[in-house]
Amino acid sequence: MPISSKIARQMEEASWIRKMFEEGVRLAGQVGAGNIHDFTLGNPDLEPPPEFVESLRDLVVRPRAGMHRYMPNAGYPEVREAVARWVREESGVEVGGKHVILAVGAGGGLNVVLKALLDPGDEVVVFAPYFPEYAFYIDNHGGVLRVVETDGQFRIDFDRLEAAIGPRTKAVFVNSPNNPTGVVYDAAVLARLGGLLRDRSRKLGRAIYLVSDDPYKKILFDGTQYSHVFRHYESSIAVYSHSKDLGLAGERIGHVAVHPAANSAEALVAGMTFAIRVLGFVNAPGLMQLAIRDVLRACIDPSVYQRRRDVLHGALTELGFECVKPRGAFYLFPRSLEPDDRKFAKVCLGKNILIVPGVGFGRSGHFRISLTSSDRAIEASLPAWREVARAYATV
Ligand SMILES: Cc1ncc(COP(=O)(O)O)c(C=O)c1O
Numbered sequence: 286m287p288i289s290s291k292i293a294r295q296m297e298e299a300s301w302i303r304k305m306f307e308e309g310v311r312l313a314g315q316v317g318a319g320n321i322h323d324f325t326l327g328n329p330d331l332e333p334p335p336e337f338v339e340s341l342r343d344l345v346v347r348p349r350a351g352m353h354r355y356m357p358n359a360g361y362p363e364v365r366e367a368v369a370r371w372v373r374e375e376s377g378v379e380v381g382g383k384h385v386i387l388a389v390g391a392g393g394g395l396n397v398v399l400k401a402l403l404d405p406g407d408e409v410v411v412f413a414p415y416f417p418e419y420a421f422y423i424d425n426h427g428g429v430l431r432v433v434e435t436d437g438q439f440r441i442d443f444d445r446l447e448a449a450i451g452p453r454t455k456a457v458f459v460n461s462p463n464n465p466t467g468v469v470y471d472a473a474v475l476a477r478l479g480g481l482l483r484d485r486s487r488k489l490g491r492a493i494y495l496v497s498d499d500p501y502k503k504i505l506f507d508g509t510q511y512s513h514v515f516r517h518y519e520s521s522i523a524v525y526s527h528s529k530d531l532g533l534a535g536e537r538i539g540h541v542a543v544h545p546a547a548n549s550a551e552a553l554v555a556g557m558t559f560a561i562r563v564l565g566f567v568n569a570p571g572l573m574q575l576a577i578r579d580v581l582r583a584c585i586d587p588s589v590y591q592r593r594r595d596v597l598h599g600a601l602t603e604l605g606f607e608c609v610k611p612r613g614a615f616y617l618f619p620r621s622l623e624p625d626d627r628k629f630a631k632v633c634l635g636k637n638i639l640i641v642p643g644v645g646f647g648r649s650g651h652f653r654i655s656l657t658s659s660d661r662a663i664e665a666s667l668p669a670w671r672e673v674a675r676a677y678a679t680v
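Heads up: the sequence shown begins at 286 in the working numbering, then just goes up one per residue.
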């Protein structure tokens, strides 16, 4: 076999995504792409806000000497400072530029964090349902994924978490607002989590790191407030990406910030700075670092996603679907109308609807809908959803 057996196995594990994609292509050939209701991809469809476009234009029209050269691996010092000011404002913690490194999106940032943290066999706790790439990222660096189930409303089950933490636990991931559920952890939940990790770290005699991966933190609905992990736990690391807030998924830009009071904060930043280099990223894209420097707080209009959530969540619940109402991000994660979510996906496919089965996110019996289709496309899908409900006699 020309490719490693590990990559072959992982590709097979992730094949449900490819299968949905292939089914979509096949179906498009049969009924025409315009007649398919594709809810699979979480690819933000809103264009970057005008502040970003202006900032990028300015760099192109008035380039700075040397701006395309190599730079320090952690990123341009003035961009690190700008990010630190923003994190300081959000968290109330005295973060400095030296606690920040610019990253190649959240995916790049998480890999840098894990490369710096993990020894082979170290465990990383994630709450299910979870972003599927976590499993691969953790494996990339010799780590072991420890999945902790959430409750029926996708809230953290603290008893299960307590039971999952052991002598090899190195880090716990949180993702809020969550992909795929849209659940947001409020300050009280994060404070409880911080308390638990503080206690268990003390008993272990070393820190368990809390890693927040919150690329949807500006996409909040119904007045929901975001609470930064730095407010709740010292040994925390915040990974961020501008893929969603600025609609820049293809540009690969984000950052990692380390709490200044984190255990071995300085060594951690040094480790991550080395990791970004030896992972072959070298540094986050330079032009993008400069382009986002002054627009870090800008965002696409979250009310667009809220409106789509309202339309589809309202329609599906009326049709008999059970679905926790998302308070952020741009997904719905309803219960499938039969326990086998893969079979359910096939039934949807029969009605020209493409969704992702929940099993891929570590929670069977559910499915994910991405709200990155246009309002018109969402409206146009409603009769097809009614047909799915009819097939299960819920209407
Ligand atoms: C929870 C979560 N983390 C990380 C990522 C990766 O983001 P990026 O494009 O910044 O690598 C995504 C993308 O969908 C995500 O949903």
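For glycine and all other residues, C-beta sits at the position ideal for the given N, C-alpha and C. Remember, it's a predicted structure, so these values are computed and weren't measured experimentally.
Asked, Found
"Close Cβ partners of C608 (< 8 Å) along its chain, the five nearest in sequence each way excluded", "H598, L601, T602, L617, F618, P619, R620"
"Sub-8 Å separation of G381 and L403 beta-carbons", "no"
"At least three beta-carbon pairs within less than 8 Å, the region 652 to 668 to the region 324 to 332", "yes"
"L481 versus I493, R349, Y470, residue with shortest Cα-Cα distance", "I493"
"Y590 - containing alpha helix (DSSP H), residue span", "587 to 603"
"T454 (DSSP reduced to helix, strand or coil)", "strand"
"Start-to-end residues for the beta strand (DSSP E) that takes in L495", "494 to 498"
"Closer than 6 Å: residues whose CB approaches a heavy atom of ligand 1", "G327, G390, A391, G392, F416, N460, N464, D498, P500, S526, S528, A534, G539"
"Residues bridged to E408 [DSSP beta-bridge criterion]", "V429, T454"
"Segment contact, 8 Å Cβ cut-off, at least three pairs: the region 382 to 392 with the region 528 to 539", "yes"
"Same chain only: Cβ atoms within 7 Å of S512, ignoring 5 sequence neighbours per side", "D471, A472, L475"
"Inter-residue spacing [alpha-carbon to alpha-carbon] between A547 and S290", "38 Å"
"Whether L387 touches Y422 by CB criterion (8 Å)", "no"
"Beta-carbon proximity list for F566, same chain, < 6 Å, skipping 5 on both sides", "V389, G393"
"R653 - DSSP class collapsed to helix/strand/coil", "strand"
"Y616: CB within 7 Å of a non-hydrogen atom of ligand 3", "With respect to ligand 3, the structure offers nothing, as its ligand set consists of ligand 1."
"Where L531 falls: helix, strand or coil (DSSP)", "coil"
"Whole-number beta carbon distance between P414 and R648, since they are thought to touch under 8 Å", "4 Å"
"Beta-carbon proximity list for D436, same chain, < 8 Å, skipping 5 on both sides", "D442"
"Where the alpha helix (DSSP H) through S549 begins and ends", "Where S549 is concerned, there is no enclosing alpha helix (DSSP H), given that its DSSP letter is neither H nor E."
"Member of F515, S521, A318, T466 whose CA lies at the smallest distance from the CA of L505", "T466"
"N460 versus D499 - alpha carbon distance", "5 Å"
"contact_flag[the region 347 to 362, the region 565 to 579] where n(CB pairs < 8 Å) is 3 or more", "yes"
"Test item: CB-CB of A456 and V409 under 8 Å", "yes"
"Residue closest to R349, alpha-carbon to alpha-carbon, out of P587, A614, A576", "A576"
"Integer Cβ distance of G556 from A401, believed to fall under 8 Å", "3 Å"
"Residues near T679 by beta carbon distance below 7 Å, same chain, minus five either side", "L604, G605, L622"
"Paired residues, beta bridge with V543 - DSSP", "I522"
"Nearest-angstrom beta carbon gap, V433 and A449 [assumed within contact, 8 Å]", "5 Å"
"G490, buried or exposed, once every other Cβ within 10 Å from all chains shown has been counted against 16", "exposed"
"Which of helix, strand or coil DSSP assigns to D507", "coil"
"Collapsed DSSP secondary structure at D323 in the structure displayed", "strand"
"Distance CB(N425)-CB(N396) smaller than 8 Å", "yes"
"Reference G508; option with closest CA among G479, V469, A420", "V469"
"V641, DSSP secondary structure in three states", "strand"
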